[in-house]
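Down below is the structure, laid out as structure tokens.
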Amino acid sequence: MLRIDNDKLREIEEQVKKSYPSECCGLLIGVNTSEKRVVEVRHVQNKNTERTHDRYEIEGKEFLKIDREATKKGLQIIGIYHSHPDHPAIPSVFDTEHAWFGYSYMIAAIENGARIEIKSWVFDEEKKQFKEEEIHS
């Protein structure tokens, strides 16, 4: 289960709307105890400039910098979020091929620049597929 406050979900939704029709991405910072709890949402620049409509890429240096900052606060990166412009909030083949075990993958689908649906997924390393994760706000 992923716990995230409504204000954090609104932050993600606003970024998704601003980035449309391109994909946006960011990191979910928080704690991972008996449940994952998002404390902070960090927007990161999509480094994929060739296929912005259906791919995202987070620069390794930026990921590590944010990870160090989170660690100093007693937090950690617990997930990644990205948008799916005019595509469902389900992981793509590309998402599955590049998933890391242990992270939440929040996908915000946006249709025609307006309607947004957000779902979260976790990667089952053994089955090599995603399973949906409950989101509680």
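Count along the sequence shown starting at 1, add 553, and that's the number in our numbering.
C-beta atoms are modelled at their ideal positions from N, C-alpha and C, and glycine is treated no differently.
Between the alpha carbons of His635 and Lys626 lies a distance of about 24 Å. DSSP places Ala623 within a helical segment (H, G or I) once states are collapsed to three.
In terms of Cβ geometry, Ile630 and Leu580 form a close pair [threshold 8 Å]. Membership of Asp648 in the alpha helix (DSSP H) is indicated by the continuous run Val646 to Glu650. Look at the segment 556-586 and you find these whole runs of alpha helix (DSSP H), each 4 residues long or longer: 559-572.
Two segments are said to touch when three or more pairs of C-beta atoms, one from each, lie closer than 8 Å; by this definition the segment 566-585 touches the segment 596-604. Measuring C-alpha to C-alpha distances from Glu566 to each of Trp674, Lys589, Glu679 and Arg668 identifies Arg668 as the nearest. Just so you know, the alpha carbons of Glu678 and Phe654 end up roughly 6 Å apart.
In this structure, Val675 keeps its C-beta atom at 8 Å or more from the C-beta atom of Ser690. Counting of Cβ neighbours within 10 angstroms places Val646 among the exposed residues, the total staying below 16. Looking at the backbone, the Cα of Glu687 and that of Thr602 are separated by about 32 Å. Non-local C-beta neighbours of Ser572 in its own chain, meaning closer than 7 Å and more than five positions away in sequence, comprise Ser636, ordered along the chain.
Per DSSP, reduced to three states, the secondary structure at Lys672 is strand.
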